[in-house]
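Start counting the sequence shown at 32; every next residue gets the next number (the working numbering). Yeah, the Cβ is synthetic: ideal placement off N, Cα and C, and Gly gets one too.
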Amino acid sequence: MTRLSHDDAEARLPDVPGWGIANGTLHRELEFRNFVEAFGFMAMVALEAEKLSHHPDWSNSWNRVVIDIASHQEGGITDTCFELAAAINRALGE
32 MTRLSHDDAE ARLPDVPGWG IANGTLHREL EFRNFVEAFG FMAMVALEAE
82 KLSHHPDWSN SWNRVVIDIA SHQEGGITDT CFELAAAINR ALGE
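Encoded structure:
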């Protein structure tokens with residue numbers, strides 16, 4: 032993995048609709064109908080993250096999930112971050 036420059040990461044944002052860059056991470060906030068849907072979504076994403084060996088920083092409060100993706104090892108956004116964001120979008124049916 033190699034860290035992408037800010038400009039390179041921004042140029043790739045159209046590949047992952049719904050995502051932005053915040054504090055050096057790919058960032059997205061989601062709202063579900065209830066806690067069960069939010070937690071079920073997180074369980075699906077956990078399996079994808081494990082396959083990629085790339086794990087998001089995220090939080091859940093009732094029906095909201097906030098996700099930040101960056102490589103701690105590389106100190107920023109990498110190609111694998113975009114792979115995980117794309118997998119998350121697929122889990123959302125996007």
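- Comparing alpha carbon positions, the residue from 62, 99, 45 and 82 closest to residue 56 is 99.
- Beta-carbon to beta-carbon, residue 122 and residue 72 are separated by about 6 Å, close enough to satisfy the 8 Å threshold.
- Judged by pairs of C-beta atoms under 8 Å, the region 40-55 touches the region 102-115, as three or more such pairs exist.
- The closest CA to that of residue 85, considering only 66, 76, 45 and 68, is found on 76.
- For residue 67, the enclosing alpha helix (DSSP H) starts and ends at 66-83.
- Taking a 10 Å sphere around the C-beta of residue 95, we find fewer than 16 other C-beta atoms and assign the residue as exposed.
- Around the beta-carbon of residue 101, 16 or more other beta-carbon atoms lie within 10 Å, marking it buried.
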